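Residues in the sequence shown are numbered consecutively from 1, following the numbering used here. What follows is a single structure, written as structure tokens, with notes after it.
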Amino acid sequence: MEHVFRDLKSALETRPVFHKCDETIRGHVFCSYLALVLHKELDRLLEKNNYNFEWKDIKQDLKALQETLIEDIEKHLVIRTQSTGTCGKVFQAVGVALPPTIRAL
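Quick look at the structure:
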């Protein structure tokens with residue numbers, strides 16, 4: 001089981017974390033386990049949809065997806081960047097629709 005967490009840390013590019021309290025240790029283990037479960041579920045959904053993407057490409061493309069709030073006296077707009085690379089297919093595989101490129105608040 002320890003090798004699974006080591007592989008996960010390598011995939012998520014984490015660095016060593018040192019804790020002094022039991023609560024922070026439990027929190028760190030919980031977050032690591034949750035990240036592992038979510039990573040495996042994403043892998044499963046991508047495979048189900050016949051997608052074979054590199055983890056670094058997924059992270060890079062999702063990080064590039066941004067929203068910006070533009071506020072005027074009477075209007076508030078949210079503008080989303082274009083989804084590039086694997087981004088749209090990842091959203092599709094998990095069953096989440098991308099928000100519109102421009103939407104009013």
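Glycine included, each C-beta is placed from N, C-alpha and C at the ideal position. As the structure is a computational prediction, the values presented were derived from the model and not from experiment.
Problem set entry | Short Cβ contact (8 Å threshold) for C87 with L105 | Contact: no.
For this session: Closer than 8 Å by C-beta to A93: which residues in its own chain qualify, once you throw out the five before and the five after it? Chain order, please.
Result: Around A93: L42, L45, L46, K48, N49, Y51.
Exercise. Since A104 sits in a beta bridge, which residues does DSSP pair it with?
Worked result: BP columns for A104 point to L77.
Problem set entry | Classification of V37 by the beta-carbon crowding that lies within 10 angstroms, buried from 16 upward | Counting Cβ neighbours within 10 Å, V37 comes out exposed, since fewer than 16 surround it.
Problem set entry | Residues bridged to I70 (per DSSP) | L77.
Problem set entry | F18 (DSSP reduced to helix, strand or coil) | If DSSP states are grouped into helix, strand and coil, F18 belongs with coil.
Problem set entry | Span of the alpha helix (DSSP H), counted from its first residue to its last, around F91 | In the DSSP annotation of this structure, the continuous segment of the alpha helix (DSSP H) that includes F91 starts and ends at 87–94.
Problem set entry | Close-in-space but distant-in-sequence residues of the same chain around K89 (CB under 6 Å, 5 per side omitted) | Excluding residues within five positions, the ones whose Cβ falls inside 6 Å are Y51.
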